[in-house]
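Following: one structure in structure tokens, then a few remarks.
Right, dumping it as structure tokens:
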């Protein structure tokens, strides 16, 4: 984990707001914190994850739950993603959003396609039409045929 400062800077606050939509996607029960149950509902309800689901969830919780209270608060979530963003290229140890990306990338081709994104948004309770999904993919630097990469998905969620 990256060390945190004791004072919030205006640019840090703006970045936190940018990550709220990504946090809300994982906070399935909408109680303001991500729990093991939220992650199990996310994985089980969408991906039908197999036997390694508990290991994945345990790893995600361990990496993000810095105060070890059993929940990932928004500030902890933001810190994990900011650390990931600051990591040198290729040195990522895997993160919460990378796991989300893998769940959304249903065919495992390394990109979230139009169908993947639309299906996920529908499952998550967001009503998005084809044109909105196309616009999101373009915003993430992808195209309708190829979809969007992990970095592109982070751009989409930051809006």
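Residue numbers (the working numbering): 448 to 606.
Even glycine gets a Cβ: it sits at the ideal position worked out from N, Cα and C.
None of the values given here were measured: they were computed from a predicted structure.
If you draw a straight line from the Cα of residue 510 to the Cα of residue 469, it is about 17 Å long. Of the other Cβ atoms in all chains shown, 16 or more fall within 10 Å of the Cβ of residue 587; this residue is therefore buried. In this structure, the beta-carbon distance from residue 594 to residue 563 falls below 9 Å. For residue 581, the uninterrupted alpha helix (DSSP H) run begins and ends at 577-586, by DSSP. In the structure shown, residue 480 adopts extended strand secondary structure according to DSSP, grouped into three states. Taking C-beta atoms as the reference points, residue 523 and residue 513 count as a pair closer than 9 Å.
Linking residue 580 to residue 517 through their CA atoms gives a straight-line distance of about 34 Å. In terms of Cα proximity to residue 472, the closest of 599, 576, 592 and 521 is 521.
If you ignore the 5 residues before and after residue 551, its C-beta comes within less than 6 Å of the C-beta of 559, 563 and 567, all in its own chain and listed in chain order. If you check the CB distance, residue 604 and residue 544 come in under 9 Å.
In this chain, the alpha helix (DSSP H) harbouring residue 565 covers 561-570. Out of 484, 583 and 489, the CA that lies nearest to the CA of residue 547 is found in 489. Each of 504, 602 and 555 was checked against the Cα of residue 583, and the nearest Cα belongs to 602.
Taking C-beta separations shorter than 7 Å and ignoring five residues to either side along the sequence, the partners of residue 475 in its chain run 485, 488 and 489, following chain order.
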